[in-house]
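Enquirer:
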Amino acid sequence: MLKYKGYQGKVEFDEEAGLFHGEVVDLRDVITFQGKSVDELVQAFRDSVDDYLDFCRQRNEEPDKAFSGRLMLRLPSDVHRRVYVSAQKEGKSLNEYITEKLILTD
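Under our numbering, the residues of the sequence shown are numbered 17 to 122, in order.
Here's what the structure looks like:
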């Protein structure tokens, strides 16, 4: 996973084309990049992020940011209590317990 200025890029190798291609993840906007070598790929990723930020600045728009990891969730009090008790029984914090329950496998 590539990281630059708070953005993360996911990379795959296209064997048929003989190049790496990637996309910045966790955004509504689409930012892609590609390169034939690791150095070229990393530079293309950084250039794409910089271009995106410049584009947003020129349009006077706030750039999309990756998700913060914070989620406000309202539950009925009885559900909140049951989840809390279940977490305590497993010796986990409420955040740990809920995160484990929400993680989806590919």
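From the three backbone atoms N, C-alpha and C, an ideal C-beta is built for every residue, glycine too. Only a predicted model underlies this, so the values are computations on that prediction, with no experimental measurement involved.
Can you list the beta strand (DSSP E) stretches of 3 or more residues lying completely in the stretch 36 to 115, in chain order?
Expert: Within the stretch 36 to 115, the complete beta strand (DSSP E) runs of at least 3 residues are 48 to 51.
Enquirer: Taking its Cβ as the centre, do 16 or more other Cβ atoms sit within 10 Å of S64, making it buried, or is it exposed?
Expert: Position 48 of the sequence shown, counted from the first residue, corresponds to residue 64. Its Cβ being crowded by 16 or more others within 10 Å, S64 is buried.
Enquirer: Buried or exposed for L57, going by 16 or more other Cβ atoms inside 10 Å?
Expert: Working through the sequence shown from its first residue, we reach residue 57 at position 41. Buried.
Enquirer: Alpha carbon to alpha carbon, how far is Q74 from Q104? Give it in angstroms, no decimals.
Expert: On the sequence shown, residue 104 is found 88 positions in, with the first residue counted as 1. On the sequence shown, residue 74 is found 58 positions in, with the first residue counted as 1. For Q104 and Q74, the distance between alpha carbons rounds to 51 Å.
Enquirer: Does DSSP put K19 in a helix, in a strand, or in coil?
Expert: Stepping through the sequence shown from its first residue, residue 19 is reached at position 3. If DSSP states are grouped into helix, strand and coil, K19 belongs with the strands.
Enquirer: When you compare only the Cα positions, how much space is there between G38 and D30?
Expert: For the purposes of this step, residue 38 is taken as the residue at position 22 of the sequence shown. For the purposes of this step, residue 30 is taken as the residue at position 14 of the sequence shown. If I take the Cα positions, the gap works out to 10 Å.
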